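Presented below is the structure to which this report refers.
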Amino acid sequence: MTVTKHLPKMPSHAFHFFPFLFSVLLVISVTTPRAAASSRCAVDDGAYSTTPLVSFLQRLQSEALKTRGPNSFDPKLYVDLPLKEDLNLTEAAFWKLPRVNGIIPANYLHRFLEDYFGDAGEDLVYTEPQDFVPEPERFLPQVSNPKVRAWALEVHSLWKNLSRRVSDNVKNHPERHTLLPLPEPVIIPGSRFREVYYWDSYWIVRGLLVSKMYDTAKAIVNNLVWLVDSYGHVLNGARVYYANRSQPPLLSSMVMEICTRTGDLEFVRKSLPALIKEYTFWNSGIHKVTIQDLHGHKHSLSRYYARWNKPRPESATIDEEAASKFLNDSDKEAFFREVASTAETGWDFSSRWMSNSYDQSTLSTTSIIPVDLNTYLYKAELDIAFFAQKLGDSKTYKNFLEASNARQFAMRSIFWNAEMNQWLDYWIRSDDCEDVHQFDARNQNDRIFASNFIPIWNWGLTSGLGENSVIVERIYESFLKSGLLQPAGIATSLVNNGQQWDFPNGWSPLQHIIIQGLSKSGSKASYGLAQEIAVRWIRTNYAAYNTTGAMHEKYDVDGCGKVGGGGEYKPQTGFGWSNGVLLALLEQFGWPSDRDIECKLGQASSFKSGKAKSKSSKKKTKLKKLVEKKTATQKVIDSLGEYYQIARRPIMLGDFMKELKIDEKEEEAENESLPTETC
């Protein structure tokens, strides 16, 4: 049996029946680090150059590590420090510091930092959110349990703690700060994450909307639009050193959520040009990949690819140590590019991106066409088409509708695995440097990750499989048998290797996306599973909050109330997206007074695999049991996706209406009562 060094693929039956043998062979096969596949291909990535300030702060970071040692050392702190004086004066003082055997004495370094720098994070100052009230009107009406309601109000109040605005010093002296001068107030994730982050913002927005903080939510989007206008894409985070990469593209989803709540089409109008500009960033140049399937069809899909081949400034000392095992500069540069590209995925780091699950030097992110990225872009295409239609831009509407159809077809052709009933990442071969890559089913990565189920976020649309009750049942069964469902939620993977985006960690965004997909599948069993996962996740958040007094960035789903760990920094609290997901789940599912919020023993085995009975089957008339007093049109939209009115494609919608036996005259009559200006 041959194991390819850069493709984590082997025959499916061997993988499932001999996991130990697979791991051993894989470890043996990768004996020396090598540059990732596509990194060895000649690519004009237009790499960003650093700034003099960032270069100096990286040098300071390196010297501080020598002085203070690795214990509890956070390299990010040093590149976040604001200067009190101009850079030339600060550098001159730095080079005059005494060294003993090449190391700055601790007392001299401490005094230098006090004299020439402000505290990390002080360039963002507290600001009171103008739309915050202690208990918003009709806040979580379905939460009747007193304990849960009191806790939810405490989490709601955390928005005040995380609210900031950029200080005037940043705007007056931008050359002294790595922080970018965002024009409007922000909500930060918390702890060491002192600035805005891209994909965190989607779930922060979701939570703010539950809290009825519409103006704060709009300000977050306006800041991200400013980044697109300034850089051509939304940066990973609002620091100058993040300009070389982005994060999962969810800006259009934020606009859609806000528009759905507020009906503010003027807000949509102002945001649309930036959405189109960002979409171009993800669908051209180094991010665009063309694959030809077995039938000769060429498909355009997208990948993560940072324009950077140096250590990440915020983690430079870590990256330099990790790259020390490479023997030449070109391999080190290739590794640095893979590291930065993995940071762009939001999953930094995970065995998902490694050809050897236990060796970070085998990161091959730029060689992978990811399921989740293309799911987000498919959703962006539908969002933009919908916005264009609402604003009367028929040309843009048509273009993006066609683009969504093409991506749907591509995802079905390249990612879907009918044997596993999952969507699998596709790996480009290490020797494949062609402009058009030939599809080979063996290049699908059949390891289990939560991302294999991300396309159900827009169930039926993204999959390209239609609302087929048999397919819905198979995916439901596949998820239950995958091993991802744990006592406290969904595990990120099944590999326990110490990386934070692997087992046993569970993350709020992944819980929410999969819960949303299951709840909108049209299957009663899937809806029940979605609710069960939500209950587990809410309970573990509550237990950890009671124990620690904080919301956490990630949780250990192997047991209720356990905080997550692993990765290259200490576990963080705050925490923006965890707060947002909690509030969104409580809004969707509620919490009755007679349901206990305390952890339950043995809840891992409380939900068993069973037949998923689709609401689009013979028992269609029972659809109303899950959705109270909904019109025929709303039923159809709910079954096709979360809210996509744009999905009224004549063939798909017509067939589905026929399947549900919805009378067109009835639908027209009901349409008269629907709001005309809503997203």
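Numbers -37 to -1, 1 to 642, taken from mature numbering (1 follows the signal peptide of the UniProt record, and there is no 0), label the letters of the sequence shown in order. Even glycine gets a Cβ: it sits at the ideal position worked out from N, Cα and C. Predicted, not measured: the structure shown is a model, and the values here were computed from it.
Neighbourhood of residue i by C-beta, 8 Å cutoff - its chain only, sequence neighbours within 5 removed
i, result
"Lys261", "Thr253, Ile254, Gln255, Val399"
"Val334", "Met374, Phe378, Trp386, Leu387, Asp388, Ser414, Asn415, Ile417, Pro418"
"Lys592", "Per-residue confidence for Lys592 stands at a pLDDT of 39, beneath the threshold of 50, marking its modelled position as unreliable; the derived number appears in the next sentence. Excluding residues within five positions, none has a Cβ falling inside 8 Å."
"Arg202", "Val42, Asp43, Thr141, Leu142, Leu143, Glu158, Glu277"
"Thr(-7)", "Per-residue confidence for Thr(-7) stands at a pLDDT of 38, beneath the threshold of 50, marking its modelled position as unreliable; the derived number appears in the next sentence. Closer than 8 Å at the Cβ level, and outside the excluded window around Thr(-7), lies no residue."
"Lys29", "Gly65, Ile66, Ile67"
Same chain, Cβ closer than 7 Å to residue i, neighbours up to 5 away in sequence not counted
i, result
"residue 644", "No answer is possible for residue 644: it lies beyond the span of the chain, which begins at -37 and ends at 642."
"Gly524", "Thr503, Ala506, Ala507, Thr510, Cys562"
"Ala547", "Arg169, Gly170, Val173, His475"
"Gln462", "Phe312, Ser313, Ser314, Gly529, Gly530"
"residue 681", "No statement about residue 681 is possible, as the shown extent of the chain runs from -37 to 642 and does not include it."
"Trp114", "Tyr505, Tyr508"
"Cys4", "Cys396"
"Leu457", "Ile411, Gly446, Phe466"
"Ala180", "Val168, Leu171, Leu172, Ile221"
"Val6", "Ile249"
Exposure of residue i, with buried meaning 16 or more beta-carbon neighbours within 10 Å
i, result
"Tyr161", "buried"
"Ser489", "buried"
"Val433", "exposed"
"Val63", "exposed"
"Lys444", "exposed"
"Lys59", "exposed"
"Ser215", "buried"
"residue 647", "With the chain covering only -37 through 642, there is no way to say anything about residue 647."
"Ser287", "exposed"
"Pro15", "exposed"
"Ser232", "For clarity, residue 232 is Arg in the given sequence; the question names Ser instead. With fewer than 16 Cβ atoms within 10 Å of its Cβ, Arg232 is classed as exposed."
"His258", "exposed"
"Gly32", "exposed"
"Arg275", "buried"
"Leu290", "exposed"
"Cys642", "buried"
"Ile183", "buried"
"Ile66", "exposed"
"Gln449", "buried"
"Gly543", "buried"
Range covered by the alpha helix (DSSP H) that runs through residue i
i, result
"His475", "471 to 482"
"His119", "109 to 124"
"Arg31", "15 to 31"
"Glu365", "357 to 377"
"Phe350", "334 to 353"
"Val544", "539 to 552"
Heavy atom of the ligand ATP within 7 Å of residue i beta-carbon
i, result
"Pro146", "Although the ligand ATP was asked about, the structure shown includes no ligands whatsoever."
Host beta strand (DSSP E) of residue i (start-end)
i, result
"Ser265", "261 to 265"
"Val399", "399 to 401"
"Ile419", "Note, Ile419: premise wrong, no beta strand (DSSP E); not H, not E."
"Tyr518", "517 to 519"
Own chain, CB closer than 6 Å to residue i, minus 5 neighbours either side, in chain order
i, result
"Glu91", "none"
"Trp189", "Pro146"
"Gly200", "Glu158, Tyr160"
"Ser304", "Tyr267, Tyr268, Ala269, Thr328, Thr329"
"Gly480", "Ile419, Trp420, Trp422"
"Leu198", "Leu190, Tyr205, Ala206"
"Arg112", "Val106"
"Ile478", "Ala493, Ile496, Ala497"
CB contact check: residue i to chain C, cutoff 8 Å
i, result
"Arg101", "The question asks about chain C, but that chain is absent: this structure has only one protein chain."
| field | Contact the region 222 to 230 vs the region 268 to 284: 3+ CB pairs below 8 Å | value | no
| query | Would the region 78 to 97 and the region 141 to 153 be scored as touching if the rule is three or more Cβ pairs under 8 Å? | reply | Flag = yes, the region 78 to 97 and the region 141 to 153 touch.
| field | Segment contact, 8 Å Cβ cut-off, at least three pairs: the region 401 to 415 with the region 355 to 371 | value | no
| said: Runs of 3 residues minimum, wholly inside the region 40 to 89: which ones carry the beta strand (DSSP E) assignment? | reply: 87 to 89
| message | Threshold first: 3 residues or longer. Then list the beta strand (DSSP E) segments lying entirely within the region 124 to 204, N to C. | response | 126 to 129
| field | Touching by the beta-carbon criterion (3+ pairs, under 8 Å), the region 116 to 125 and the region 146 to 153 | value | yes
| task | Tell me the start and end of each unbroken beta strand (DSSP E) in the region 219 to 291 that is at least 3 residues and wholly inside, in chain order. | result | 251 to 255, 261 to 265
| query | Enumerated in chain order, which unbroken segments of the alpha helix (DSSP H) with a length of 4 residues or greater are wholly contained in the region 431 to 512? | reply | 432 to 444, 471 to 482, 487 to 511
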